[in-house]
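Asker: What follows is a structure written as C-alpha cells; I'll ask about it next.
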Amino acid sequence: MSELLVTMVDQFRANSWLELTAVVLAIAYLLLAVRENSLCWYAALASTAIFLMIFWQVKLYMESGLQVYYLIMAVYGWYQWTRGGRDQGGVPITTWSARTHVTVIGTVIAAALLSGYLLSTFSDARMPYLDSLTTWASIVTTYMVATKVLENWIYWLVIDSISIFLYIDRELYFTALLFAAYVIIVVFGWFAWRKEYQSHGDGEILNRQ
Numbered sequence: 072m073s074e075l076l077v078t079m080v081d082q083f084r085a086n087s088w089l090e091l092t093a094v095v096l097a098i099a100y101l102l103l104a105v106r107e108n109s110l111c112w113y114a115a116l117a118s119t120a121i122f123l124m125i126f127w128q129v130k131l132y133m134e135s136g137l138q139v140y141y142l143i144m145a146v147y148g149w150y151q152w153t154r155g156g157r158d159q160g161g162v163p164i165t166t167w168s169a170r171t172h173v174t175v176i177g178t179v180i181a182a183a184l185l186s187g188y189l190l191s192t193f194s195d196a197r198m199p200y201l202d203s204l205t206t207w208a209s210i211v212t213t214y215m216v217a218t219k220v221l222e223n224w225i226y227w228l229v230i231d232s233i234s235i236f237l238y239i240d241r242e243l244y245f246t247a248l249l250f251a252a253y254v255i256i257v258v259f260g261w262f263a264w265r266k267e268y269q270s271h272g273d274g275e276i277l278n279r280q
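With our numbering, letter number 176 in the sequence shown gets 247, and the count goes up by one each step, no holes.
And the structure:
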C-alpha cells in the first residue's frame, strides 16, 4: 500500500496535473449527462483532447484512437441533444430491443478479438485484447449516449469496471479513480434516465424486434 501511495505522488509530481484536469472535466461531463444537460458535450470535448495525449504516451493505442472518435461524437451528441428529434428540440430517451443488444454485443466481441490479435502481433500495445474490448464497446456506448438510448448506462457499468484494472496496470491512478467514480455515477444515471423515460409513457423502442 505504501509503495502505491509513493507511486501516485511521484506520478502527480511528474505529469498528473494534466491528467487530473482531464479527470475533473470528465466527471463534469458525466454529471451533466445524468441531468441531460447539453453542456456535458463541452466538458467531453476538453477532457477528450487531454486524454488523447495521455493514452498515446502510455502506449494504449486503441484508447488513443477512441479519443479521436470521442471528439467527433462530442459535436454529434451536442447536435442531437440540442437540434435533433422530430421537432428539432433534442432527441428523447429511447430503448433498444433485446435482439439489437445481442447483435451489438456479438459485433463488439468479434471486433475486439480481431483488433486485439492485430495489436498483439504488430505492435507493442499493452493488454491488446482488453484494450480493444473497452474501445469497441465504448464506441457503441458513446453513440448510445449521443442518441439517448437508455441502456447506455448498463454498458458503461461493465466498461468502466474493466477499465479500472486497465488503468491501474498503466499506473494512471487518477484515471482509475475517475472510472471508479464513474461506476457509482452511472448507477444514478440509469435510475434518472429510466424515470424520465417512464414518465413519457415508456418512450420509443428503436431497432424493434
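All residues carry an ideal CB built from backbone N, CA and C; glycine is no exception.
Between which two residues does the alpha helix (DSSP H) holding Leu123 run?
Answerer: Mapped onto the sequence shown, residue 123 falls at position 52. Unbroken alpha helix (DSSP H) run through Leu123: 111-128.
Asker: Going by beta carbon distance, what residues of the same chain come within less than 6 Å of Ala217, once the five residues before and after it are set aside?
Answerer: Start at 1 with the first residue of the sequence shown, and residue 217 comes out as number 146. Same-chain partners within the cutoff: Met144, Tyr147, Gly148, Gln151.
Asker: May I ask which residues mark the beginning and end of the alpha helix (DSSP H) holding Gly177?
Answerer: As a first step, residue 177 must be located in the sequence shown, where it is residue number 106. 169-193 is the span of the alpha helix (DSSP H), which, as asked, contains Gly177.
Asker: How many whole angstroms separate the CB atoms of His172 and Glu222, which I take to be in contact at a CB cut-off of 8 Å?
Answerer: Mapped onto the sequence shown, residue 172 falls at position 101. Mapped onto the sequence shown, residue 222 falls at position 151. Right, their Cβ atoms sit about 7 Å apart.
Asker: Give me the Cα-Cα distance between Gly155 and Asp231, rounded to the nearest whole angstrom.
Answerer: On the sequence shown, residue 155 is found 84 positions in, with the first residue counted as 1. On the sequence shown, residue 231 is found 160 positions in, with the first residue counted as 1. Gly155 and Asp231: Cα-Cα distance of roughly 28 Å.
Asker: Indicate the three-state DSSP secondary structure (helix, strand or coil) for Val35 in the structure shown.
Answerer: Residue 35 is absent from the model: the chain starts at 72 and stops at 280.
Asker: Whose CA, out of Met133, Gly161, Phe262, lies closest to the CA of Leu201?
Answerer: Translated into positions along the sequence shown, residue 201 becomes position 130. Comparing Cα positions, the closest option is Met133.
Asker: Can you give me the Cβ contacts of Trp112 inside the same chain, cut-off strictly under 6 Å, excluding the 5 residues immediately before and after it?
Answerer: Residue mapping note: residue 112 aligns to position 41 of the sequence shown, counting from 1. If we look at Trp112 and ignore the five residues flanking it on each side, its Cβ neighbours are Ala145, Gly148, Trp149.
Asker: Return the bridge partner residues of Val220 from the DSSP annotation.
Answerer: Here residue 220 is taken as the residue at index 149 of the sequence shown, counted from 1. Its beta-bridge partners are Thr165.
Asker: Using the Cα positions of Val129 and Met198, report the straight-line distance between them to the nearest angstrom.
Answerer: As a working mapping, residue 129 is identified with position 58 in the sequence shown. As a working mapping, residue 198 is identified with position 127 in the sequence shown. Computed Cα separation, rounded: 12 Å.
Asker: What are the start and end residues of the alpha helix (DSSP H) that includes Ala196?
Answerer: The residue given as residue 196 occupies position 125 in the sequence shown. First-last for Ala196: undefined, no H or E at that position.
Asker: Below 6 Å CB to CB, which residues in the same chain sit around Gly260 once its five sequence neighbours on both sides are set aside?
Answerer: Residue 260 sits at position 189 when you count from the first residue of the sequence shown. Excluding residues within five positions, the ones whose Cβ falls inside 6 Å are Val105, Trp224.
Asker: Give the DSSP-derived three-state secondary structure of Leu103 in the structure shown.
Answerer: Numbered from 1 along the sequence shown, position 32 holds the residue referred to as residue 103. In this structure, Leu103 counts as helix in the three-state DSSP scheme.
Asker: With a Cβ-Cβ cutoff of 7 Å, do Gly177 and Ser203 count as a contact?
Answerer: Within the sequence shown, the letter at position 106 stands for residue 177. Within the sequence shown, the letter at position 132 stands for residue 203. No, they are not a contact pair.
Asker: Count the other CB atoms within 10 Å of the CB of Phe122; is the residue buried (16 or more) or exposed (fewer)?
Answerer: Within the sequence shown, the letter at position 51 stands for residue 122. So Phe122 ends up on the buried side.
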